[in-house]
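Asker: Positions in the sequence shown are counted from 1; adding 48 to them yields my numbering. Beta carbons: idealized from backbone N, C-alpha and C, even for Gly. Owing to the predicted nature of the structure, the values given are computational and were not obtained by experimental measurement. Here you go, one structure.
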Amino acid sequence: MTEALRNAVLIEDDKMTRRYVAMVLGGVGCQVWEAETAAQGVLAIALHRPELIVLDLGLPDRDGIEVIKELRQTDDTPILVLSARTEEVQKVEALDAGADDYLTKPFGVLELQSRIRVILRRTMRTNKATEGNGGPFETEDLRVDIQQRLVTLKGQAIHLTPLEYRILTLLVANAGRVLTHRQILQQIWGDGYMDRPHYLRVFMAGLRRKIEENPADPKYILTETGIGYRLASGRTVQR
Ligand code: CA
């Protein structure tokens, strides 16, 4: 991949993890600025204006979620959260506060690379402001053409209800990235429904029955237990 070098700020107090993540970031073409504390990290962000922030939630000086909330007041730089397995609740909070994705420690190189690529690719797309006039989205046998309002599986048109279609297009816009239950509920039904994940489960089950070959073992709409859903990453096809 020949991409321009991009700035990334990595905020992680654990030295081993920091080295490891810095190496992977370097490998996908990022110039990495490392910070051990939230305070150093916030300073590095102001100084280097990164395209990506990788943030550990358990930092010695401040809670990572506070850092996200503060950053999101003025800044929409993508944030990838690193969290320990014991921080399940914080993960959801971090995503709801505006983090773009998360990884639970320990994670593998490929997993980390793919999350970083999804995030950076999405920012590039948004920066080019091609949203809405891009070609159809494709992942394996599933194709979603927003312009034509057409969803096909192995070339066969699939009939979706308006609500199912809205959920699917929201997932497509965030392909490869996790969306929390609250985020989906808020986007589709509005603020009053954010605490009703059972709504979502019903519609997701319906959607899966239509687009998954085996709804019990989905390969397109993946469940992130206790967190939300992630659409398999795919590609935008040229018209
Ligand atoms: Ca830590």
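Determine the extent of the alpha helix (DSSP H) in which G89 is found, giving its start and end residues.
Answerer: Segment A86 to H96, the alpha helix (DSSP H) holding G89.
Asker: Excluding five sequence neighbours on each side, which residues of the same chain lie with their C-beta closer than 7 Å to the C-beta of P108?
Answerer: Around P108: D61 and T85.
Asker: Would you be able to state if there are at least three C-beta pairs under 8 Å between the region 75-92 and the region 136-147?
Answerer: Taking 8 Å as the limit for Cβ pairs, the verdict is that the region 75-92 does not touch the region 136-147.
Asker: Grouping DSSP H, G and I as helix and E and B as strand, with all else coil, what is E136?
Answerer: DSSP places E136 in helix when its eight states are reduced to three.
Asker: Using C-beta distances below 6 Å, list every residue in its chain close to R230, excluding the 5 sequence neighbours before and after it, in chain order.
Answerer: Around R230: D144 and M242.
Asker: Smallest Cα separation from Y277: which of I116, I232 and R287?
Answerer: Closest by alpha carbon: I232.
Asker: I want to check one thing, is the minimum distance from the CB of G106 to the heavy atoms of ligand 1 below 7 Å?
Answerer: Checking the Cβ of G106 against ligand 1 gives yes.
Asker: Do you know offhand how far G106's Cα is from E114's?
Answerer: Each residue's Cα considered, the two are about 11 Å apart.
Asker: Which one of P245, L53, Y247 and V69 has the shortest CA to CA distance from G156?
Answerer: The residue with the shortest Cα to Cα distance from G156 is V69.
Asker: How about V76 and R165: are their beta carbons less than 8 Å apart?
Answerer: A contact, by the Cβ cut-off of 8 Å.
Asker: Who pairs with R54 in a beta bridge, going by DSSP?
Answerer: In the DSSP output, where bridge partners are listed per residue, R54 has C78.
Asker: Just to check, is the beta-carbon of D109 closer than 7 Å to a non-hydrogen atom of ligand 3?
Answerer: With respect to small molecules bound, the structure shown includes ligand 1 and not ligand 3.
Asker: Are the CB atoms of G254 and E212 within a distance shorter than 8 Å?
Answerer: Yes, the Cβ-Cβ distance between E212 and G254 is below 8 Å.
Asker: Going by alpha carbons, who is nearest to A147 out of L53, D123 and K153?
Answerer: Nearest option by C-alpha distance: D123.
Asker: Is E188 buried or exposed, if buried means 16 or more other CB atoms sit within 10 Å of its CB?
Answerer: It is exposed - the Cβ of E188 has fewer than 16 other Cβ atoms within 10 Å.
Asker: Beta-carbon within less than 6 Å of R54's beta-carbon, same chain only, minus the 5 sequence neighbours each way: which residues are those?
Answerer: Same-chain partners within the cutoff: C78 and E99.
Asker: Please confirm whether any heavy atom of ligand 1 lies closer than 7 Å to the CB of D124.
Answerer: No, Cβ of D124 sits at least 7 Å from all heavy atoms of ligand 1.
Asker: When DSSP builds the beta bridges, which residues end up paired with Q204?
Answerer: Answer is L201.
Asker: To the nearest angstrom, how far is the alpha carbon of P210 from that of I93?
Answerer: For P210 and I93, the distance between alpha carbons rounds to 41 Å.
Asker: Mind checking whether the beta-carbon of D144 lies closer than 7 Å to any heavy atom of ligand 1?
Answerer: D144 Cβ: outside cutoff for every heavy atom of ligand 1.
Asker: Just list the alpha helix (DSSP H) runs in the region 180-262, keeping only unbroken ones of 4 residues or longer that don't cross its boundaries, in chain order.
Answerer: If we require 4 residues or more, the alpha helix (DSSP H) runs fully inside the region 180-262 come out as 210-221, 229-236 and 245-259.
Asker: Is the beta carbon of A205 closer than 8 Å to that of L198?
Answerer: Their beta carbons are under 8 Å apart, which means L198 touches A205 by this criterion.
Asker: Quick one: residues in its chain with C-beta nearer than 7 Å to the C-beta of F251, no 5 flanking neighbours on either side, listed in chain order?
Answerer: Excluding residues within five positions, the ones whose Cβ falls inside 7 Å are L211, E212 and I215.
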